[in-house]
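A.B. asks:
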Amino acid sequence: MEIRPFYDKKVACLYCKHNFTTTRIRSRFVRVSSHGSDFKPVYSDPEVNPIFYNVAVCPHCGFSFTDDFSPYFAPGTEKDIAERIASKWNERSFGAERTINEAIETYKLAYLSAMFKKEKVLTLAGLTLRVAWLYRDKGAEVEEKRFLTIARNFYNVSYSEGDFAGTQMSETRVSYLIAELSWKIGDKDEAIKNFSRVLESQRTSTEPKIIEMAKERWQEIRVIK
Ligand SMILES: [Zn+2]
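One point on numbering: in the numbering used here, the residue at position 93 of the sequence shown is 1037, and numbering is uninterrupted.
(1) With respect to 6 angstroms, is the separation between the Cβ of F1007 and the closest non-hydrogen atom of ligand 1 below this value?
(2) Looking at C-beta atoms only, is the number of pairs between the stretch 1022-1035 and the stretch 1083-1099 that lie closer than 8 angstroms three or more?
(3) Tell me whether A1158 sits in a helix, a strand or coil according to DSSP, three-state version.
(4) Buried or exposed for A1109, going by 16 or more other Cβ atoms inside 10 Å?
(5) I'd like the list of long-range same chain contacts for V992, defined as Cβ closer than 7 angstroms, with 5 residues on each side in sequence excluded.
(6) Got a sec? Which residues, its chain only, sit under 6 angstroms from F1091 by beta carbon, not counting five neighbours each side?
(7) Could you check what DSSP says for N1138 in three-state terms: helix, strand or coil?
(8) May I ask you to report which of helix, strand or coil DSSP gives I1029?
(9) Just checking my contact of L1068 with M1059 at CB under 8 angstroms: how many whole Å lie between their CB atoms?
(10) Going by the C-beta, is H962 closer than 6 angstroms to any heavy atom of ligand 1?
(11) Report the three-state DSSP secondary structure of S886 (helix, strand or coil).
(12) Can you list, in chain order, the residues of its chain whose CB lies under 7 angstroms from that of K1082, leaving out five sequence neighbours each side?
(13) May I ask whether a heavy atom of ligand 1 can be found less than 6 angstroms away from the beta carbon of H979?
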């Protein structure tokens, strides 16, 4: 029997607790050939893109989430989700293989769900950065820039509030992303401020690769400036 890259994963909705299945990609089929300057992975086989399947959309209530969501619902958030998401939801499924447009839709649903659930700002930043990546894959530059800006602003809040602490994101990585996204959206002042911060941290940082990426970009900025 031929093993396909896709499989059905059973998940329970974090909000309404219903069980449903969502498509995932077997990790052994995923080959990352390189990363973009904002860490966007480039997959050897663009047809097998795990980013399309990070979001689970509950077909019963519409609540949409990734593995980054916490199971905890802060007081009042469940009422908001009932009123703003579940009551407006028309039963539909995103459980099968997804087109890029469907993938974008799932991230927007997860973004909305994360807002009403009051998830970590870092999670909001990650979701909106992935929307930007998907628009980049589509060649939709205006939409890409719109979501890069939203993501950059969330990373800025995450940095100043320190809500990335205890996650896989280091301070160097958050600063670098703020800098690089600012550079991409044409906000030079913010890019310079944050690349400087990355370079200042080089003696204490445990992320030499990111320091190197920041140095390369810094050379380029100095030429253009
Ligand atoms: Zn649900």
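Ideal placement from N, C-alpha and C gives every residue a C-beta, glycine not left out. Computed from a prediction, not measured in an experiment: that's the story for all the values here.
C.D. replies: Reading from the atomic positions:
(1) What you label residue 1007 is simply residue 63 of the sequence shown in a count that begins at 1. F1007 Cβ: within cutoff of ligand 1.
(2) no
(3) Your numbering for residue 1158 matches position 214 in the sequence shown. Correct three-state label for A1158: helix.
(4) Residue 1109 sits at position 165 when you count from the first residue of the sequence shown. Looking at its Cβ environment, which holds fewer than 16 other Cβ atoms inside 10 Å, A1109 is exposed.
(5) Along the sequence shown, read from residue 1 onward, the residue named residue 992 stands at position 48. P949, I969, F973 and V974, listed in sequence order.
(6) As a first step, residue 1091 must be located in the sequence shown, where it is residue number 147. Hits under 6 angstroms: T1072, V1075 and A1076.
(7) Counting from one through the sequence shown, the residue named residue 1138 turns up at place 194. Residue state, collapsed to three classes: helix.
(8) One-based indexing of the sequence shown puts residue 1029 at position 85. It is coil, neither helix nor strand.
(9) In the sequence shown, counting from the first residue as 1, residue 1068 sits at position 124. In the sequence shown, counting from the first residue as 1, residue 1059 sits at position 115. Between M1059 and L1068 the Cβ distance is about 7 angstroms, and since that is below 8 angstroms, they are a contact.
(10) Working through the sequence shown from its first residue, we reach residue 962 at position 18. Yes - ligand 1 has a heavy atom lying nearer than 6 angstroms to the Cβ of H962.
(11) The question about residue 886 has no answer here: the residues shown for the chain are numbered 945 through 1169.
(12) For the purposes of this step, residue 1082 is taken as residue 138 along the sequence shown, with counting starting at 1. Only I1044 meet the Cβ criterion.
(13) The residue you call residue 979 lines up with position 35 of the sequence shown. No, since every heavy atom of ligand 1 falls outside the 6 angstroms radius drawn around the Cβ of H979.
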